[in-house]
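Notes follow the structure.
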Amino acid sequence: MRNHRAIRVVVDRLKISSRNRARLGESLETAFREGGGVAEVQLVDGPRLRFSQKLECCGHTFEEPVPHTFSFNNPNGACQECGGFGNTLSFDESLIIPEPRKTLAQGAVEPWARPRYRRYFGEQLQDAVKSEGLDIHTP
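Using the working numbering, read the sequence shown as starting at 1 and increasing by one per residue.
The structure is reproduced here in structure tokens:
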């Protein structure tokens, strides 16, 4: 891995005026070309202005926008959190384990304790207890 360091090179110094308009344009083109798409302008007694031909801001780089980026109906333009559906699926731990002091043997996991699931999950629970070395009598 190479160590990259920023080197600032002065491309031109000029006084802003209508006569220097073409020169300013040429200097900025040179700065962008030599700076890999990035140029900085230091104003005398003023701020340093950073310009970029890349899609970046505040240290973040963005992908080139394409039409589907703006479509709610396309995963490329959809919200990363909800996938564009406006809601997310999650588990409410307090509904799954309403009484944390109960042990697995006492039915601590509410969905597994229901009669219609007890047989199916009971077998899976026994397999998990054996393979993981769990104690079903400890909360």
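C-beta atoms are modelled at their ideal positions from N, C-alpha and C, and glycine is treated no differently.
Delimiting residues of the alpha helix (DSSP H) encompassing residue i
| i | result |
| --- | --- |
| Ser90 | It is not in any alpha helix (DSSP H) - Ser90 carries neither H nor E in the DSSP assignment. |
| Gly122 | Pro115 to Glu132 |
| Glu34 | Arg21 to Glu34 |
Residue i - DSSP class collapsed to helix/strand/coil
| i | result |
| --- | --- |
| Leu43 | coil |
| His137 | coil |
| Glu56 | strand |
| Thr61 | strand |
C-beta contact flag for residue i and residue j at 7 angstroms
| i | j | result |
| --- | --- | --- |
| Val41 | Leu49 | yes |
| His137 | Ala105 | yes |
| Ser27 | Asp12 | yes |
| Arg23 | Leu14 | yes |
| Ile96 | Glu81 | no |
The beta strand (DSSP E) enclosing residue i, as first and last residue numbers
| i | result |
| --- | --- |
| Leu50 | A small correction: the amino acid at residue 50 is Arg; Leu does not occupy that position in the sequence shown. Unbroken beta strand (DSSP E) run through Arg50: Arg48 to Ser52. |
Residue from the options with nearest C-alpha to residue i
| i | options | result |
| --- | --- | --- |
| Glu34 | Glu64, Val10 and Glu56 | Val10 |
| Lys54 | Val109, Phe32 and Pro98 | Phe32 |
| Ala6 | Ser18, Gly36, Leu24 and Ser27 | Gly36 |
| Pro139 | Arg101, Val129 and Gln124 | Arg101 |
| Asp135 | Arg116, Ser90 and Ala108 | Ala108 |
| Val66 | Gln124, Asn74 and Gly59 | Asn74 |
| His68 | Cys79, His60, Thr61 and Cys58 | Cys79 |
Residue i CB to nearest heavy atom of the ligand NAP below 6 angstroms
| i | result |
| --- | --- |
| Ala39 | Looking for the ligand NAP in the displayed structure turns up nothing, as the structure carries no ligands at all. |
Decide yes or no for the touch test of the segment 84-93 against the segment 112-129: beta carbon pairs closer than 8 angstroms, at least 3 of them.
No: the two stretches stay apart, fewer than three of their Cβ pairs being nearer than 8 angstroms.
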